[in-house]
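Participant:
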Amino acid sequence: MDSAPSFDPALLLAEYADLRQRAAALEEQVPACLQRISDKLHRIGGDSELADHYRSLLVGARSNALVSIENYHEVIPYLQTAESVIAQLDGAAAPSTRDPGRAGLLERLDELIDAAVGMIDLAEQCFEDAKDTNLDAVPQSILDDPLHPEP
């Protein structure tokens, strides 16, 4: 009786490659977004209801960007471990998924991918939420002049 699930190695490798691409996109795009949000946030001056409103919006956007980065960093060990498992699979002698050692590696790879998908999904959602904050909507009237900051 073979009740162990069968994993398609090609499908798992494709899922892994997709996760790597998504993680690389986050690594490239989120820090720049966070910087733009932080730069705008630091320029909001004064004590008014309008300034407080936009500060609150930008603090929320900054928090979302930070959560995105945090989740990206948490997923890296999973992707590195998956890469190690893939290397072990490449070194395995038998290409059969019925080989208990290979089947165990495929199962481990599937588990790593499943965990990484959740983290990347959350990171992407937080990044989208951060990007949804329209930085250009912040009125010029509440922004300090970056060329002539007050002492």
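Going letter by letter, the sequence shown gives residues 1 to 151 in our numbering.
Yeah, the Cβ is synthetic: ideal placement off N, Cα and C, and Gly gets one too.
On a predicted model such as this, the values are computed, not experimentally measured, just so you know.
Please report the residue range of the alpha helix (DSSP H) in which Asp52 lies.
Facilitator: Position 52 of the sequence shown, counting from 1, holds the residue named residue 52. Segment Glu49 to Gly91, the alpha helix (DSSP H) holding Asp52.
Participant: Counting Cβ pairs closer than 8 Å, one from the stretch 26 to 45 and one from the stretch 118 to 138, do we hit at least three?
Facilitator: yes
Participant: For Ala23, is the classification buried or exposed, using 16 other Cβ atoms within 10 angstroms of its Cβ as the cut-off for buried?
Facilitator: If you number the sequence shown from 1, residue 23 lands on position 23. By the 10 Å Cβ count, Ala23 comes out buried.
Participant: Can the beta-carbon of Asn64 be found closer than 8 Å to that of Ala130?
Facilitator: Mapped onto the sequence shown, residue 64 falls at position 64. Mapped onto the sequence shown, residue 130 falls at position 130. Going by C-beta atoms, Asn64 is nearer than 8 Å to Ala130.
Participant: Spatial neighbours of Ser68 within its chain, please: CB distance less than 7 Å, with the 5 preceding and 5 following residues excluded, ordered by chain position.
Facilitator: Here residue 68 refers to the residue found at position 68 when the sequence shown is read from its first residue. Same-chain partners within the cutoff: Leu26, Val30, Ala123, Cys126, Phe127 and Ala130.
Participant: Nearest to Ala82 by alpha carbon, out of Ile44, Val117 and Cys33?
Facilitator: Counting from one through the sequence shown, the residue named residue 82 turns up at place 82. Among Ile44, Val117 and Cys33, the Cα nearest to that of Ala82 belongs to Val117.
Participant: Ends of the alpha helix (DSSP H) at Ala24?
Facilitator: For this step, residue 24 is matched to residue 24 along the sequence shown. Here the alpha helix (DSSP H) through Ala24 covers Pro9 to Arg43.
Participant: Could you tell me the alpha carbon to alpha carbon distance between Arg62 and Asp114, rounded to whole angstroms?
Facilitator: Taking the first residue of the sequence shown as position 1, residue 62 is located at position 62. Taking the first residue of the sequence shown as position 1, residue 114 is located at position 114. In a straight line, the C-alpha of Arg62 is about 27 Å away from that of Asp114.
Participant: Determine, using beta carbons only, whether Leu41 and Leu58 come nearer to each other than 8 Å.
Facilitator: Position 41 of the sequence shown, counting from 1, holds the residue named residue 41. Position 58 of the sequence shown, counting from 1, holds the residue named residue 58. Contact: yes.
Participant: If I measure Cβ to Cβ from Ile120 and keep anything under 7 Å in the same chain, skipping five residues before and after, which residues do I get?
Facilitator: Along the sequence shown, read from residue 1 onward, the residue named residue 120 stands at position 120. Cβ within range, chain order: Leu19, Arg22, Ala23 and Val75.
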